[in-house]
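Student: Shown below is the structure under consideration.
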Ligand SMILES: Nc1ncnc2c1ncn2[C@@H]1O[C@H](COP(=O)(O)OP(=O)(O)OP(=O)(O)O)[C@@H](O)[C@H]1O
Ligand SMILES: [Mg+2]
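Residue numbers (the UniProt record's numbering): 1 to 357.
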């Protein structure tokens, strides 16, 4: 794969059969949810089962797909192999089924080690997801800082364990006695918590090993052609390199193409500005697959809109004014063919469903 020349699409992600985890991240509002949803839809065409997970507390998969999702995987309407779930890394641990005493210990511990509760709920979620056997899992991540924190969790948990051990050594059986005194019983005491931490650490370590394997994991950076976003992308790419997480795709969203004949000065000025940053993106990331997506006049919500937008992920955008060449017609025919194939498959599925019923 690495030897291939970079392409201007995300086809490489669809072609990489070994991939198990796909992270989609970037600055707030650039189009992470839109892009991860489209990717999940495209992957559902080539994989037996796909799960898309939002780890953003401001859940927006529900908005993108116009369907309510919960913290359990739910089949996306109109699909037979695409599931979505929304988890909130901040509150999840409160109802993971643990007894009350355990949760108060967890929150006690989280005061001592910031991020530990988040680490544990993330680990619990990953543990659950791993047992579910999806062919590929797409993460719609929260804005940058948050995502990178998730990837640091093994060391956070390491610190948590060290802290527990030192507390245990310092106070001996005091904590255990206290939990007994309050009628909580052994299974809610420090040993139980220690055990839970240890098993979480084990999951996180295993998963992190997978996250660092470029055959299994890749991170797709979404951005817009503006200074702050370019700057943020560079920071993100550097952090990912530091964490040894593969990244070789950049999606530049909300690109204005020269197809406006209204003579708007504002539009012209913004297009010029975008051009400057686009050039910088191409210069900085000449070994990345850079996919450009057009800014649409309307939002991209609902499965139909997402599917229609997905064409831009597979074929470089051609502004309307330059359309009409043979190559372009061929390209459009191939998109139409794919749409036709999708529709046919849909029909087959529907008629199969009918026969079964
Ligand atoms: N190319 C585009 N053209 C027009 N609208 C778009 C485009 N890309 C995304 N949008 C719209 O912009 C809004 C923000 O996009 P999206 O929710 O995907 O961003 P995000 O990066 O996930 O945001 P957040 O950081 O808040 O999670 C949505 O309403 C979406 O439909
Ligand atoms: Mg989002």
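Ideal Cβ placement from N, Cα and C applies to all residues, glycine included.
Note the first and the last residue of the continuous alpha helix (DSSP H) segment covering residue 311.
Tutor: Taking the first residue of the chain shown as position 1, residue 311 is located at position 311. Per DSSP, residue 311 belongs to the alpha helix (DSSP H) from 303-314.
Student: Let's test the definition: count the other Cβ atoms within 10 Å of the Cβ of residue 350 and tell me whether it reaches 16, buried, or not, exposed.
Tutor: Here residue 350 refers to the residue found at position 350 when the chain shown is read from its first residue. Result: exposed.
Student: Rounded to whole angstroms, what is the Cα-Cα separation between residue 2 and residue 192?
Tutor: Locating residue 2 in the chain shown gives position 2, where the first residue counts as 1. Locating residue 192 in the chain shown gives position 192, where the first residue counts as 1. Residue placement at residue 2 is flagged as unreliable, the pLDDT there being 44, under the threshold of 50; a coordinate-derived value is accordingly withheld.
Student: In whole angstroms, what is the alpha-carbon distance linking residue 136 and residue 46?
Tutor: Start at 1 with the first residue of the chain shown, and residue 136 comes out as number 136. Start at 1 with the first residue of the chain shown, and residue 46 comes out as number 46. When rounded, the distance between both Cα atoms is 10 Å.
Student: If you draw a straight line from the C-alpha of residue 67 to the C-alpha of residue 75, how long is it?
Tutor: Indexing the chain shown from 1 puts residue 67 at position 67. Indexing the chain shown from 1 puts residue 75 at position 75. For residue 67 and residue 75, the distance between alpha carbons rounds to 10 Å.
Student: Starting from the N-terminal end, write out each residue whose C-beta falls within a distance shorter than 5 Å of any non-hydrogen atom of ligand 2.
Tutor: 32, 33 and 60
Student: What whole-angstrom Cβ distance do residue 309 and residue 250 have, given they're in contact under 8 Å?
Tutor: Residue 309 sits at position 309 when you count from the first residue of the chain shown. Residue 250 sits at position 250 when you count from the first residue of the chain shown. Actually they do not touch by this definition, with Cβ atoms about 17 Å apart.
Student: Count the other C-beta atoms from every protein chain shown that fall within 10 angstroms of the C-beta of residue 232, then say buried if there are 16 or more, exposed otherwise.
Tutor: Position 232 of the chain shown holds residue 232. Buried is the call here.
Student: Kindly list the residues whose CB is nearer than 8 Å to the CB of residue 274, restricted to its own chain and excluding five residues on each side of it in sequence; keep chain order.
Tutor: Taking the first residue of the chain shown as 1, we reach residue 274 at position 274. Contacts found: 225, 226, 255 and 256.
Student: Would you kindly check if the distance between the Cβ of residue 219 and the Cβ of residue 260 is under 8 Å?
Tutor: Within the chain shown, numbered from 1, the residue matching residue 260 stands at position 260. Within the chain shown, numbered from 1, the residue matching residue 219 stands at position 219. Cβ distance not < 8 Å, so residue 260 and residue 219 don't count as in contact.
Student: Hey, residue 301 and residue 63: beta-carbon distance below 8 Å or not?
Tutor: Numbered from 1 along the chain shown, position 301 holds the residue referred to as residue 301. Numbered from 1 along the chain shown, position 63 holds the residue referred to as residue 63. Closer than 8 Å, so yes.
Student: In whole angstroms, give me the CA-to-CA distance for residue 35 and residue 331.
Tutor: Mapped onto the chain shown, residue 35 falls at position 35. Mapped onto the chain shown, residue 331 falls at position 331. Straight-line Cα distance between these residues: approximately 21 Å.
Student: What beta strand (DSSP E) runs, 3 residues minimum, are completely inside the stretch 17-57?
Tutor: 21-25 and 50-54
Student: So, with DSSP's three-state summary, where would you put residue 317?
Tutor: Your numbering for residue 317 matches position 317 in the chain shown. Coil, per DSSP.
Student: Per DSSP, what kind of secondary structure is residue 246 in: helix, strand or coil?
Tutor: By 1-based counting over the chain shown, the position of residue 246 is 246. Coil, per DSSP.
Student: Can you round the beta-carbon distance between residue 22 and residue 139 to whole angstroms, since I take them to be within the 8 Å contact cut?
Tutor: Stepping through the chain shown from its first residue, residue 22 is reached at position 22. Stepping through the chain shown from its first residue, residue 139 is reached at position 139. The Cβ separation is near 7 Å, so the contact holds.
Student: With 16 as the cutoff for other CB atoms within 10 Å, does residue 87 come out buried or exposed?
Tutor: Position 87 of the chain shown holds residue 87. The Cβ neighbour count for residue 87, taken over all protein chains shown within 10 Å, is at least 16; the residue is labelled buried.
Student: Taking 7 Å as the cut-off, is the C-beta of residue 56 nearer than that to any heavy atom in ligand 1?
Tutor: In the chain shown, residue 56 corresponds to position 56, counting from 1. Checking every heavy atom of ligand 1 against the Cβ of residue 56, one is found closer than 7 Å.
Student: So, for residue 214: in the same chain, excluding its five sequence neighbours on each side, which residues have a beta-carbon less than 8 Å away from its beta-carbon?
Tutor: Taking the chain shown and counting its residues from 1, one reaches residue 214 at position 214. Taken in chain order, the residues that qualify are 246.
Student: Using a Cβ-Cβ cutoff of less than 8 Å, which residues in the same chain neighbour residue 7 once the five nearest sequence positions on both sides are dropped?
Tutor: In the chain shown, counting from the first residue as 1, residue 7 sits at position 7. If we look at residue 7 and ignore the five residues flanking it on each side, its Cβ neighbours are 289.
Student: Pull up the distance between the alpha-carbon of residue 50 and that of residue 200, whole angstroms please.
Tutor: Here residue 50 refers to the residue found at position 50 when the chain shown is read from its first residue. Here residue 200 refers to the residue found at position 200 when the chain shown is read from its first residue. Their backbone Cα atoms lie some 24 Å apart in a straight line.
Student: If I follow the unbroken beta strand (DSSP E) through residue 292, where does it start and stop?
Tutor: Here residue 292 is taken as the residue at index 292 of the chain shown, counted from 1. That run of the beta strand (DSSP E) goes 289-294.
Student: Please classify residue 95 as buried or exposed, where buried requires at least 16 other C-beta atoms within 10 Å of its C-beta.
Tutor: By 1-based counting over the chain shown, the position of residue 95 is 95. Note that residue 95 scores 44 on pLDDT, short of 50, meaning its location in the model is unreliable; the coordinates nonetheless yield the value given after this. Burial call: exposed.
Student: Determine the burial state of residue 98: buried for a count of at least 16 other Cβ atoms within 10 Å of its Cβ, exposed for fewer.
Tutor: As a first step, residue 98 is located in the chain shown; it is residue number 98 there, counting from the start. In this prediction, residue 98 has a pLDDT of 48, which is less than 50 and means its spatial position is unreliable; what the coordinates show is noted afterwards. Residue 98 comes out buried.
Student: Taking the alpha carbon of residue 244 as the reference point, which residue from 217, 228, 266 and 262 has its own alpha carbon closest?
Tutor: By 1-based counting over the chain shown, the position of residue 244 is 244. The residue from 217, 228, 266 and 262 with its alpha-carbon nearest to that of residue 244 is 217.
Student: Check residue 97 in the structure and name its three-state DSSP category.
Tutor: If you number the chain shown from 1, residue 97 lands on position 97. Because residue 97 sits at a pLDDT of 47, beneath the cut-off of 50, its placement in the model cannot be relied upon, and the following sentence gives the value as read from the coordinates. Residue state for residue 97 is assigned as coil, using DSSP reduced to three classes.
Student: Ligand 1 heavy atoms versus the CB of residue 30: any closer than 7 Å?
Tutor: What you label residue 30 is simply residue 30 of the chain shown in a count that begins at 1. Yes, since a heavy atom of ligand 1 falls inside the 7 Å radius drawn around the Cβ of residue 30.
Student: Based on the DSSP output, what are the partners of residue 85 in its beta bridges?
Tutor: Within the chain shown, numbered from 1, the residue matching residue 85 stands at position 85. Partner(s): 53.
Student: In whole angstroms, what is the alpha-carbon distance linking residue 328 and residue 335?
Tutor: In the chain shown, the residue the question calls residue 328 occupies position 328. In the chain shown, the residue the question calls residue 335 occupies position 335. Roughly 11 Å between the two C-alpha positions.
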